[in-house]
Amino acid sequence: MADPMRIRAQAAGGKATVRVLMSHEMESGQRRDAAGKTVPAWFIQEVTATLNGKQVLSAEWGPAVAKNPFMQFSIKSAKAGDKVAVTWKDNKGDTRTDEATVS
Amino acid sequence: MQTRRETLKHSVVVAGLLATAGYPGFAMAAFNKAGFDAKTVQDATKAFGAGSLAESKDVTITAPDIAENGAVVPMGASTALAGVKQLLILVEKNPSPLVAAFNVNDAVDANFSTRAKMGQSSDVYAVAIMADGKALWAKKEVKVTLGGCGG
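So, in structure tokens, the structure goes:
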């Protein structure tokens, strides 16, 4: 299981800016190891975010997203105390969800 | 390029697994493999159902002029236009240009940022796929001092 995400959600002017730092290798599938063999791609494919259990964001990522990915987005009509949950799923089927409260 | 062939073979297997795992009812949730495998910016946007491509001042790409480390290049896409379905971030000279696709809906602002890998200096595109099938893009050149793909 992967390490937890760091999620920070801050409300300002009726919107909440959410910053997420995920912990993932994001192997591109282009690199080769010492023996010259290609290191298979291993990356986050799907990212979704929910606000109080309702889905507000979905995104698809390719292997070109940097290692330990960072993502920023803003949710309209979110206020302090709301719960933001972010889920990712990688191409090996591994998945992780973490939750944060808007402050 | 034997290794490349192996990579492709591997990705076909993965796609097969995904397909057998069940194709979700709504198209948004399906991983757009064609888009992420596309080798050009045009092909990648076409995979998202975009008909015509046009440059637009209403789409913004944020990226540094010079990236010292190609492995971590912060970039963002945003637009103030209404009727945006998806926002894509692409790096033209990467082996597969498409970096990320964000689905826009009423609940979020059409403003996303993330960090991408860049193999070499290249133009970076933000493409907004509109509800009416148009694709509006903006680009910015980013110089990379040290590449981030392979090593």
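Protein sequence lines, in the order shown, are assigned to chains A and B. In this note's numbering, each residue's number is its place in the first sequence (first place is 1) plus 853. In this note's numbering, each residue's number is its place in the second sequence (first place is 1) plus 36. Ideal Cβ placement from N, Cα and C applies to all residues, glycine included. Bear in mind that the values here come from a model prediction, so they are computed numbers and not experimental data.
Exposure label - residue i; buried when at least 16 CB within 10 Å
{"i": "Ser930 (chain A)", "result": "exposed"}
{"i": "Glu913 (chain A)", "result": "buried"}
{"i": "Thr903 (chain A)", "result": "buried"}
{"i": "Ala869 (chain A)", "result": "buried"}
{"i": "Gln122 (chain B)", "result": "buried"}
{"i": "Ala118 (chain B)", "result": "exposed"}
{"i": "Ala162 (chain B)", "result": "buried"}
Boundaries of the beta strand (DSSP E) in which residue i is found, first to last residue
{"i": "Val95 (chain B)", "result": "95 to 98"}
{"i": "Asp159 (chain B)", "result": "158 to 166"}
{"i": "Thr870 (chain A)", "result": "868 to 874"}
For residue i, the first and last residue of its enclosing alpha helix (DSSP H)
{"i": "Val109 (chain B)", "result": "No alpha helix (DSSP H) contains Val109 (chain B), which is instead part of the beta strand (DSSP E) from 109 to 115."}
Straight-line Cα distance separating residue j from residue i
{"i": "Leu124 (chain B)", "j": "Glu899 (chain A)", "result": "14 Å"}
{"i": "Arg151 (chain B)", "j": "Ala143 (chain B)", "result": "23 Å"}
{"i": "Lys170 (chain B)", "j": "Gly889 (chain A)", "result": "43 Å"}
{"i": "Ala70 (chain B)", "j": "Gly906 (chain A)", "result": "31 Å"}
{"i": "Val939 (chain A)", "j": "Gln863 (chain A)", "result": "15 Å"}
{"i": "Val120 (chain B)", "j": "Phe138 (chain B)", "result": "10 Å"}
{"i": "Ala917 (chain A)", "j": "Asn130 (chain B)", "result": "8 Å"}
{"i": "Lys942 (chain A)", "j": "Ala107 (chain B)", "result": "21 Å"}
{"i": "Pro922 (chain A)", "j": "His877 (chain A)", "result": "7 Å"}
{"i": "Arg885 (chain A)", "j": "Val892 (chain A)", "result": "5 Å"}
{"i": "Gly866 (chain A)", "j": "Lys153 (chain B)", "result": "33 Å"}
Beta-ladder partner(s) of residue i, from DSSP
{"i": "Lys942 (chain A)", "result": "A:Glu899, A:Thr948"}
{"i": "Ser149 (chain B)", "result": "A:Gln925, B:Gly112"}
{"i": "Thr891 (chain A)", "result": "A:Arg885"}
{"i": "Ser911 (chain A)", "result": "A:Thr901, B:Asn139"}
{"i": "Glu880 (chain A)", "result": "A:Trp895"}
Min CB distance residue i to chain C below 7 Å
{"i": "Gly915 (chain A)", "result": "No chain C appears in this structure, whose protein chains are A and B."}
Does the region 167 to 179 of chain B touch the region 941 to 956 of chain A, meaning 3 or more C-beta pairs lie closer than 8 Å?
no
The region 930 to 940 of chain A / the region 879 to 887 of chain A touching (three or more Cβ pairs under 8 Å):
Fewer than three beta-carbon pairs drawn from the region 930 to 940 of chain A and the region 879 to 887 of chain A are found closer than 8 Å, and the two stretches are therefore not classed as touching.
Counting Cβ pairs, one atom from each stretch, are 3 or more of them under 8 Å apart for the region 82 to 89 of chain B and the region 99 to 109 of chain B?
no
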